[in-house]
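Have a look at the structure below, then the notes.
2 protein chains.
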Amino acid sequence: MSEFEPAPPTALLPFIHMLGRRDRLSDEEVALIGSLPLRKERFTSGSEVIAEDSRPGESCMVLRGFAGRSHYLKDGSRQITALHVPGDFVDLHAYLLKVMDHGVIAIGACEVGFVPYGSIRRVTEENHHLGRLFWLSTVIDAAIQRAWITCLGRLSAEQRMAHLFCETYLRLEAAGIASGGQFLFPLTQVQVADLLGLSVVHVNRRLQELRSTGLVDWRNGTISIHDFDRLADLADFDPTYLSLRIEPR
Amino acid sequence: MSEFEPAPPTALLPFIHMLGRRDRLSDEEVALIGSLPLRKERFTSGSEVIAEDSRPGESCMVLRGFAGRSHYLKDGSRQITALHVPGDFVDLHAYLLKVMDHGVIAIGACEVGFVPYGSIRRVTEENHHLGRLFWLSTVIDAAIQRAWITCLGRLSAEQRMAHLFCETYLRLEAAGIASGGQFLFPLTQVQVADLLGLSVVHVNRRLQELRSTGLVDWRNGTISIHDFDRLADLADFDPTYLSLRIEPR
DNA sequence: CGTGTAGTTGATAGTGCTCAATTTTAGTGG
DNA sequence: CCACTAAAATTGAGCACTATCAACTACACG
Chain A
-17 MSEFEPAPPT
-7 ALLPFIHMLG
3 RRDRLSDEEV
13 ALIGSLPLRK
23 ERFTSGSEVI
33 AEDSRPGESC
43 MVLRGFAGRS
53 HYLKDGSRQI
63 TALHVPGDFV
73 DLHAYLLKVM
83 DHGVIAIGAC
93 EVGFVPYGSI
103 RRVTEENHHL
113 GRLFWLSTVI
123 DAAIQRAWIT
133 CLGRLSAEQR
143 MAHLFCETYL
153 RLEAAGIASG
163 GQFLFPLTQV
173 QVADLLGLSV
183 VHVNRRLQEL
193 RSTGLVDWRN
203 GTISIHDFDR
213 LADLADFDPT
223 YLSLRIEPR
Chain B
-17 MSEFEPAPPT
-7 ALLPFIHMLG
3 RRDRLSDEEV
13 ALIGSLPLRK
23 ERFTSGSEVI
33 AEDSRPGESC
43 MVLRGFAGRS
53 HYLKDGSRQI
63 TALHVPGDFV
73 DLHAYLLKVM
83 DHGVIAIGAC
93 EVGFVPYGSI
103 RRVTEENHHL
113 GRLFWLSTVI
123 DAAIQRAWIT
133 CLGRLSAEQR
143 MAHLFCETYL
153 RLEAAGIASG
163 GQFLFPLTQV
173 QVADLLGLSV
183 VHVNRRLQEL
193 RSTGLVDWRN
203 GTISIHDFDR
213 LADLADFDPT
223 YLSLRIEPR
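Chains as they are written, first to last, in the working numbering: chain A, -17 to 231; chain B, -17 to 231.
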C-alpha cells in the first residue's frame, strides 16, 4: 500500500483480503474501497439485520461473526440459504433487486457494516475494474449457492455437514481469519439444521458419527478439522466454485 | 423504438423482453444490446454447451429451448442446479468467474447464442445503466437459486415439482413465450429428477399424484396449469424472488 | 438454586431410494 | 405402412434415511 494513501479502516480488511485472493488490487482501488462510508452496528444471535420484503437503501457487509440469509415458510419452518463470513458484501444483491426476497439474520454475535447505495454506485462507476469486482462478489455468492443446491439435492446428511465445514474453513481462510484447520463456529445445531435442510435430531446424530471418524470435531463453538483432505473426499468437496485464484477480472 | 435505430435481431428479443419486465430500456440501450455480436449454435438434448472446468471466452445466452447448469458427483449422480429459459444470459457468471465451476447443457433441443467477453465489457463500460442490468441478470439467477435451496431443503417432493412448474411458467411469461397457463416443457422425468434432487421413480409417482389433484398436468412435453393460485399455494410459491417489477435499477 | 437454552437419547412413522421388471412411446429402416 | 429398437415412463417390492414426538441431561446465568 502506498505511503501516500491512507490505510483503509480495519473493519474493511476482510473484504479487501477476500478480493485480494481473487485479483490484484491497485493502491488506488484499496483507497477507494476505504473511502466507502460505513455505518457499523452489532447484532445478537438470531436477530434480524434486514427484514424480508423490505426495501433497504444500503447494502450490508459482515465485519465480524456470521450472518445468514433466511427464508420462512408458511408452516413456520425455515431454510437458511447462505452463511456469510467476515468480508462478505452480503447485500450487494439488494442493490440491484431493490426488494428483499429473503431476510438477513445474525448467526452468533455479529457486527455488520452498512454502505449506502449511492456510494456503491459512485465507486463502481468511477472504477470499472472495482465495479467488476463488486459484481464478482455477487457471482461468487451465486456459485456457492449452486454448490449448496448440489449438496442438498444429492448428498447424505453426513456429507452435507462435512461439506459445510470444508467450505466454511476455506472461506474464513480467504478472509484471513482462520488457519491451522481450526475456526470459531458459534452456531447452534438448530441453525445448522436450517442450513442443511435437516432436523436438529438428525444433525445431532450425524455429528456424533462425524466425530467418531476422527476427521473433524465441533465442540464449544469451535471446529477442528483434523484431516481436511479426507473430510473433503467424504463430502465430495471441490473448491473450484470458491474462485480462490488470482485472475485478471 | 425510434425509427432511426435498427431493430435488434429477433434472437435477442426474449432477453430484451426479460429486461424490460424489470426496468425501462431506452432506445439507445436496446440498440446497444442489438449491437452485441452473436454466434448462434444448436444443441441436441443433453449435449454439452460449455464444459465444466473450462475457461470460455464468450458468455452464452439461451435463444430457444432450455438449458441447464449441471454438476456431476464422484459416484456418477448428477444435480442440475438451474434451468434456463430463452432470454437468460446464462453464462454471464463465467465472464467474472473465468473458470467454469459447472457445466452448461442443453435440456431438450436448444439454440444458444455466444457473446464474446470483449463485447460484454464494451457495452457495460459504455453504458452504466446497462452494466447494472447485466449485473441484475446474474443477481436474479442467484435469487432463483436461493429459492431452489429452500425448495430442496424444506419442501416435499410434490411441492418441489409444483414449485418448479409455477416458477417456469412465470419465467417463460416474462420472456414473452408463454401465456394462458400452458407451455412447452420438453424435459424427461430423469432431468426433472436431477433438477429436484429426487429419483426418477419418485418423480413419476408424485407426478401422478399431482395430476390427480387436477391443478396441473404434464404430458407429451406440455405443461398445463389449470389453477395457478392453488398450485402456488400447494408449493408455498411466492414470486417475489423473480423481481418481476419495473424499477429504476 | 431455579430457569431457560442447547444438546442428547429413544421409539416410531414416513418419505423417498434402490433394484428389477414391464409397458408405452418415439424413432428408424425395410 | 410395418417391424424393430432404443429411450422414456410406469409399476412393484423391500429397504434406508430422515422426520417427528417426547423425554431427559448438561450447562450457563441471574
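Cβ atoms here follow ideal geometry from the backbone N, Cα and C, with glycine treated the same way.
Residue nearest to residue i in terms of C-alpha spacing, selected from the options
i	options	result
A:P38	A:Q190, A:L(-6) and A:P98	A:P98
B:F167	B:I32, B:H66 and B:T106	B:H66
B:Y223	A:V94, A:L192, A:L20 and A:S52	A:S52
A:F165	A:D176, A:R153 and A:Q171	A:R153
A:C92	A:A129, A:K22 and A:H184	A:K22
A:N202	A:R227, A:G69, A:T170 and A:L192	A:T170
A:R104	A:M143, A:R188 and A:E11	A:E11
B:D57	A:F219, A:R193 and A:L(-6)	A:F219
B:L178	B:L146, B:T150 and B:I159	B:L146
B:Y54	A:R128, A:T150 and A:R188	A:R128
A:S59	A:A160, A:L180, A:R188 and A:S206	A:L180
B:A(-11)	B:G16, B:R46 and B:R187	B:G16
A:L197	A:G163, A:L134 and A:A64	A:G163
B:L(-6)	B:R193, B:N186, B:I159 and B:P221	B:I159
B:K80	A:T195, A:I(-2), A:L115 and A:K80	A:L115
Residue i classed as buried or exposed, judged by whether at least 16 other C-beta atoms fall within 10 angstroms
i	result
B:I131	buried
A:I126	buried
A:V31	buried
B:T120	buried
B:T26	exposed
A:H208	exposed
A:V183	exposed
A:D211	exposed
B:T204	exposed
A:I228	exposed
B:T106	buried
B:P230	exposed
A:V172	exposed
A:D83	buried
B:D123	buried
A:D176	buried
B:D188	First, the amino acid is wrong: residue 188 of chain B is Arg here, not Asp. B:R188 comes out buried.
Which of helix, strand or coil DSSP assigns to residue i
i	result
B:R231	coil
A:E34	coil
A:G95	strand
A:D211	helix
B:S(-16)	A caution first: B:S(-16) carries a pLDDT of 47, below 50, which makes its placement in the model unreliable, though a value can still be read off. Coil, per DSSP.
B:S181	coil
A:D199	strand
A:I159	coil
A:R232	Missing from the structure shown is residue 232 of chain A; chain A here goes from -17 to 231 and no further.
A:V172	helix
A:S101	helix
B:M43	strand
A:H145	helix
B:S194	helix
A:L65	strand
A:S119	helix
A:H84	coil
A:G58	coil
B:F(-3)	helix
Cβ-Cβ distance between residue i and residue j below 7 Å
i	j	result
A:Q141	A:A88	no
B:Q233	A:R136	Missing from the structure shown is residue 233 of chain B; chain B here goes from -17 to 231 and no further.
A:C148	A:A214	yes
A:G85	A:A33	yes
A:G95	A:L20	yes
A:S138	A:L18	no
A:L226	A:A144	no
B:L78	A:W117	yes
A:P(-4)	A:G69	yes
B:L134	A:L192	no
| Taking one C-beta from the segment 40 to 49 of chain B and one from the segment 73 to 80 of chain B each time, how about it: are there three or more such pairs within less than 8 Å? | yes
| message | Tell me whether the segment 2 to 18 of chain A and the segment 101 to 118 of chain A touch, counting them as touching only if at least three CB pairs, one residue from each stretch, are closer than 8 Å. | response | yes
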